[in-house]
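Remarks on the structure that follows.
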């Protein structure tokens, strides 16, 4: 029993702890160091509206350091078998994608078993929460221990984002209405307009979907923790 169950379980839990620790400190370093952020991590933060496979939208160097190196070292140090490693790598990838999917479904087991979920990580992708919620992909104990967990009220901030996106959509519609019949819009301008409109509609949809899922993150303050406020 010890050989078949307890040792593999301990190896798996150790690997989870190692990956969470590796990701937290390296991820946070990429936000604290300007060169690391602008050179590598800023590409991932182009996603103000995260989506499932946007989890893997990053600079190749960042992808290697955060994902490949972290899980690879966890596998080597824990001395997992190849079969265990297959399950561990699969769970890590699926969990990362699930945390970026943009929806915190109440029936999603991946977001119930662990403390990290789409609603939690989505805050990190907002301009007002970018210096908080660094933990990935399983648990959030490092954010709690080092006081980098978002403790403010997100409802008001998401509502502001929704209203701003709605105004953008209305402005786009008004601009389309003032375009003279028969006047052809240049393809580049039309493409940019469509992209802005799509982004605004997506923000509206996402902020509305998260409105009922943000109860755990409500509080009296609307500010980022003073110790980690962006200078």
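Numbering (the UniProt record's numbering), first residue to last: 1 to 231.
All residues carry an ideal CB built from backbone N, CA and C; glycine is no exception.
Just so you know, these numbers come straight off a predicted model, no measurement behind them.
For residue 124, which residues of its own chain have a beta-carbon under 6 Å away from its beta-carbon, when the five flanking residues on both sides are left out? 133
| field | Outcome for residue 95 when other beta-carbon atoms lying within 10 angstroms are tallied against a minimum of 16 | value | buried
*asked:* Pop quiz: residue 54 and residue 65 are said to be a contact at Cβ under 8 Å. What is the actual Cβ separation, rounded to whole angstroms?
replied: Contact doesn't hold; Cβ gap of about 18 Å is too wide.
Exercise for the section: Quick one: using the 10 Å Cβ neighbour count with 16 as the cut-off for buried, is residue 113 buried or exposed? Expected result: exposed
Which of the three DSSP states is assigned to residue 143 in this structure? helix
Discussion item. Using the three-state DSSP reduction, which class does residue 89 fall into: helix, strand or coil?
Written reply: helix
Any 3 or more C-beta pairs closer than 8 Å across the segment 22–41 and the segment 127–141:
yes
Residue 43 and residue 58 - do their beta-carbons sit closer together than 8 Å? yes
- From which residue to which residue does the alpha helix (DSSP H) around residue 28 run? 7–32
- Would a C-beta distance cut-off of 8 Å place residue 52 and residue 121 closer than the cut-off? no
>> For residue 157, count the other beta carbons within 10 Å of its own beta carbon; 16 or more makes it buried, fewer makes it exposed. Which is it?
In response: buried
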